[in-house]
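Top line first, the protein sequences correspond to chains U and H. For the first sequence, the UniProt record's numbering assigns the number 1 to the initial residue and increments by one for each residue that follows. For the second sequence, the UniProt record's numbering assigns the number 1 to the initial residue and increments by one for each residue that follows.
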Amino acid sequence: MTAILEMPRPVPSTEPAAPILSLQHVSKTYGDGEGTITALHPATLDVRPGELVAVSGPSGSGKSTFLSIAGALLRPTSGRVVIAGQDVTAQSEATLPAFRLRHLGFVLQSSNLIPYLTVREQLTLVPHLAGGNAREAAQRADELLRTLGLESRARQYPGGLSGGQRQRVAIARALMNDPALILADEPTASLDSVRGREVVQLLAQEVHGRGKAAVMVTHDERVLDLCDRVVQIVDGRLKG
Amino acid sequence: MYLALRELRHHRFRSLLIGGIVALIAFMVFMLTGLTRGLAHDNAALLIETRAAAFVTSKDAEGVFTRSFLTLDDVRRVQAAAGQDATPLAQSFASFSNGSRQLSAVLVGVEAGSFMAPEVAEGTALRASSVGAVVDESLREDGVALGDTLTLKPGGDTVQVTGFTRGARLNHQPVVFVTLDRWHALNPRTQGTVNAVALKTAAAADRLAGVDGLGLLTRAQTLQALPGYREEQGSLTMIQVFLVVVAAFVMAVFFYVLTLQKTPQFGLLKAIGASTRTLAGSLIAQMLLLTVLAVAAAALVTLGATALLPAGLPFALTPATLLGASALLTLVAALSSLLSLRSIARVDPLIAIGASA
C-alpha cells in the first residue's frame, strides 16, 4: 500500500497526478457493542489516472465490502471516500445514484447486462438514464463498439453472446459515461483463462489509453500480472 | 419508457399472455356492463327515462306503485302544493290477446298532455278524449301493429293501438298507456284512486315537504323500490365488482412476481445509477401500456360482439359507459402496480456486487 500522507507542500515537478479514488482510513463494522463484526479494518488506498489496481483475496475476505464502499454503494463506518475530488461520504443518500451515473463505471460479474436490451442499447441506456443527448450517445456507443471489436454484435441480445463477449460489452458500457473511475467485480469469474486474460487485457488497455483509474476485485491470480498494482485483502485487512 | 417498451417487445409472448388475460377480463366486464344496463332498461325503462324527478305514493307503500293508493283528494292536495308540476299516475297489470297471441303488459293511466304522457314514435298521441292506447314498440316483436285491437282478459274489454312509443318498459313488460279515465274504466274496482303522483322537478318535491301522510321518493329511490330491480342489478353488479377486483389482483400478482424475479436486474440498474423513480416509472408505464392496449382491444371486440347478439337480448352499452368502464380498469391497473413499486424501492444496489460469488 502506498502510504499517501497529507503533504504539507506539494513538489511540482515530481508530484504524481492527483488520485481519482482516495480511500482514507475507511472501515466498515456491522452491529455494535459485543456483537461487532468488522468487515473492513481501516484501509487507505489511492488510485491515480491510468492505474489499474487489483484487490485480491480469498472469498469472504472483505473484497465486496471494499468495492461497495469504493463504488459509493455502501457508506463506511468511518473514514472518507473521495472520488474525482468529491467527498462521497459527505453526500446525501439521494444524490448518490446520480453521482454514480456521472462518475463511475461498473463491470460486474454476472447478471451484468439487461437481457432485453441489444448490445448497442446496453450502452445507450447509460446516457439515457443520465438524460443525455440521444444522438451523441449513439455516436459514442458506435465508437466504443468499434474500438472494442463488438460492431458485428451491436444488434444481438446478451443471451446470444459468449461470456467473454458479455464482459467486453460490460466494459464498453462502463466507459459510456466517460467515468473517472471504473470498478470491476470479478470480471473473469465465469471465463476460462484465455478469455479471462483477454477481458482484463482489454480493461487495462482502456484504463491506460484513456487515463482512467480502475479497481478490480478478483481472486483470479492468473490475471494479476496485467495490473499495475496488486493489493491483498485478508480478513478485512488491506495489505499493499 | 425506454426500458418499459423494450422489455415488453423482447418478451412478446409473455406480454401477449398477460395482455390477453386483461383483455378477456375487460371483455367480460364490458359484456356484463352491457347486460346489466340492458336488463335495467328492460326492467324499468319507464322509470329510468322518465321526466319525473320524484314520485308521491301513500306512506305505507314505500315507493311501490302497486301497493299505493291515493285518493283524488290526496292528488288535489299534492297538486295544490306542487302546482303544475304534478300529475297523477295509475298502474295495473293486464293480460290481453292481439288475436293470435296471449300477451301481458303493464297498463298505465296518465293524463293526456301531461309530462308523463308518452311521446309517440309512430301514430297519434293520447288526447283527453282518447279511448285507444299508445304502447311500447317492443310489442311489435309480438306481432302487434298500429290499429290492432287488443282484447283484455278476463273481461273482454278492447283497446285499439293508436300509437307506439319508445323506452316504455316496466317489470320486464311492455307498457300500454291509456288516459286516466280509460284506465279507471278498465279497472272499475279502483274508482276514485290512483297509484302515484309524478313530480316533474325537485323543487316541486321540496314544496311538498309540508303535506302529511304521503310518501315521497326520488326517481332513483323509486327505481330501487321496484320489486326485483335491486336484486337483479345487485347480483350483476356484484359479478362486475368481483371481475374488476380479480383483474386488479391478477395484474398486481403478475407484476409483483416479475418484479421479484428481476430483483438482481434492478440492483444492477440502481448500481449503474438508475433512480428508483426511473425504475418505478418504467413499471407503471409497462402496466398502463399493457392495460390500455388490452382494454382497447376488448372494447373493439365488445363492439363487434354486440352486433352479433340476438335482437331480443337486453343489452345496452353506450360509448360513455364503455369509456367509463375502461377508465376504471386502467385506474385499477395503475393502483395494482403499487405492490411492485414497494419492492422496487426496497432493492439495494449492493446486491449487484458479489452477486453470484
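Where is the CB? At the ideal position from N, CA and C, for every residue including glycine.
Please list, in chain order, the chain H residues whose beta carbon lies closer than 9 Å to that of residue i.
i	result
Val-126 (chain U)	Ile-272, Gly-273
Arg-100 (chain U)	Lys-270, Ala-271, Ile-272, Gly-273, Pro-349
Leu-161 (chain U)	Those within 9 Å of Leu-161 (chain U) in chain H number zero; the least Cβ separation is about 15 Å.
Leu-73 (chain U)	Lys-270, Ala-271, Asp-348, Pro-349, Leu-350, Ala-352, Ile-353
Determine whether the beta carbon atoms of residue i and residue j lie at a separation below 7 Å.
i	j	result
Ala-214 (chain U)	Leu-104 (chain U)	no
Ile-21 (chain H)	Val-246 (chain H)	no
Ala-117 (chain H)	Ala-128 (chain H)	no
Asp-85 (chain H)	Leu-236 (chain H)	no
Gly-192 (chain H)	Lys-59 (chain H)	no
Ala-94 (chain H)	Leu-103 (chain H)	no
Gly-71 (chain U)	Leu-183 (chain U)	yes
Leu-217 (chain H)	Gly-34 (chain H)	no
Val-119 (chain U)	Gln-156 (chain U)	yes
Apart from the five residues on each side of it in sequence, which residues of its chain come closer than 8 Å, Cβ to Cβ, to residue i?
i	result
Leu-224 (chain U)	Ala-54, Ser-56, Thr-218, Val-230
Arg-230 (chain H)	Gln-224
Val-234 (chain U)	Gly-57, Pro-58, Ser-61
Ile-4 (chain U)	Caution is warranted here: a pLDDT of 47 is assigned to Ile-4 (chain U), below 50, making its placement in the model unreliable, and no coordinate value can be reported.
Cys-227 (chain U)	Leu-52, Val-53, Ala-54, Val-200, Ala-204, Met-216
Leu-17 (chain H)	none
Leu-47 (chain H)	Leu-170, Arg-219, Thr-222, Leu-223, Leu-226
Thr-330 (chain H)	Leu-288, Thr-291, Val-292, Val-295
Lys-239 (chain U)	Met-1, Val-231, Gln-232, Ile-233
Pro-12 (chain U)	For Pro-12 (chain U), the predicted model reports a pLDDT of 46, less than 50, meaning its position is unreliable; a value from the coordinates is still stated below. The answer is none, since no qualifying residue turns up.
Between residue i and residue j, how many whole angstroms is the CB-CB distance? I'm expecting something under 8 Å.
i	j	result
Phe-69 (chain H)	Asn-195 (chain H)	7 Å
Leu-243 (chain H)	Met-28 (chain H)	6 Å
Thr-162 (chain H)	Gly-123 (chain H)	5 Å
residue 363 (chain H)	Leu-101 (chain U)	As shown, chain H starts at 1 and ends at 357. That puts residue 363 (chain H) outside it, with no answer to give.
Gly-143 (chain H)	Gln-160 (chain H)	With 8 Å as the limit, Gly-143 (chain H) and Gln-160 (chain H) do not qualify as a contact, their Cβ atoms being about 16 Å apart.
Pro-158 (chain U)	Pro-115 (chain U)	6 Å
Thr-87 (chain H)	Val-197 (chain H)	7 Å
For the beta strand (DSSP E) containing residue i, list its first residue and its last residue.
i	result
Ala-54 (chain H)	54–58
Val-207 (chain U)	Where Val-207 (chain U) is concerned, there is no enclosing beta strand (DSSP E), although the alpha helix (DSSP H) it sits in stretches over 193–210.
Pro-88 (chain H)	86–97
Lys-239 (chain U)	237–239
Lys-153 (chain H)	149–153
Thr-162 (chain H)	158–165
Lys-63 (chain U)	Segment 63–70 is the alpha helix (DSSP H) holding Lys-63 (chain U); no beta strand (DSSP E) there.
Val-175 (chain H)	173–179
Once the 5 residues before and after residue i are set aside, which same chain residues still bring their CB inside 6 Å of it?
i	result
Gln-167 (chain U)	Pro-187, Val-199
Ile-353 (chain H)	none
Thr-38 (chain U)	Thr-29, Gly-236
Ala-252 (chain H)	Ser-336, Leu-339
Ser-193 (chain U)	Arg-222
Asn-187 (chain H)	Ser-92
Glu-121 (chain U)	none
Gly-150 (chain H)	The residue you asked about is not Gly; residue 150 (chain H) is Leu in the sequence shown. Closer than 6 Å at the Cβ level, and outside the excluded window around Leu-150 (chain H), lie Phe-96, Asn-98, Val-159.
If I follow the unbroken alpha helix (DSSP H) through residue i, where does it start and stop?
i	result
His-103 (chain U)	96–103
Arg-12 (chain H)	12–48
Tyr-256 (chain H)	229–261
Leu-322 (chain H)	319–336
Gln-165 (chain U)	163–176
Gly-281 (chain H)	276–308
Leu-145 (chain U)	134–147
List, in chain order, every chain B residue whose beta-carbon is nearer than 7 Å to that of residue i.
i	result
Thr-259 (chain H)	The displayed structure is made up of protein chains U and H, and chain B is not among them.
Taking Cβ-Cβ distances shorter than 8 Å, what residues in chain U pair up with residue i?
i	result
Arg-346 (chain H)	By Cβ distance, chain U contributes nothing, its closest Cβ being about 14 Å from Arg-346 (chain H), past 8 Å.
Arg-6 (chain H)	Tyr-116, Leu-117, Glu-121
Thr-278 (chain H)	Leu-129
His-41 (chain H)	Those do not exist, as His-41 (chain H) stays about 48 Å from chain U at its closest Cβ, beyond 8 Å.
Tyr-229 (chain H)	Per Cβ cutoff of 8 Å: no residues; Tyr-229 (chain H) is ~52 Å from chain U at best.
Counting only the same chain and skipping the five closest in sequence on each side, list residues whose C-beta sits under 7 Å from that of residue i.
i	result
Ala-357 (chain H)	Here Ala-357 (chain H) scores only 38 on pLDDT, less than 50, and its place in the model is too uncertain to base an answer on.
Ala-311 (chain H)	none
Arg-14 (chain H)	none
Arg-9 (chain H)	none
Lys-270 (chain H)	Val-347, Pro-349
Gly-164 (chain U)	Leu-191, Arg-195, Glu-198, Val-199
Leu-3 (chain H)	Ser-282
Arg-140 (chain U)	Met-176
Asp-42 (chain H)	Arg-169, His-172, Pro-314
Asp-220 (chain U)	Thr-188, Gly-196
Under 7 Å Cβ-Cβ, which residues of chain H neighbour residue i?
i	result
Val-181 (chain U)	According to the sequence as given, residue 181 (chain U) is Leu; it is not Val. Here the premise fails: no neighbours, minimum Cβ distance about 13 Å.
Leu-67 (chain U)	Ile-353
Cβ closer than 8 Å: which chain H residues qualify as neighbours of residue i?
i	result
Leu-108 (chain U)	Leu-268, Ala-271, Ala-352, Ile-353, Ala-355
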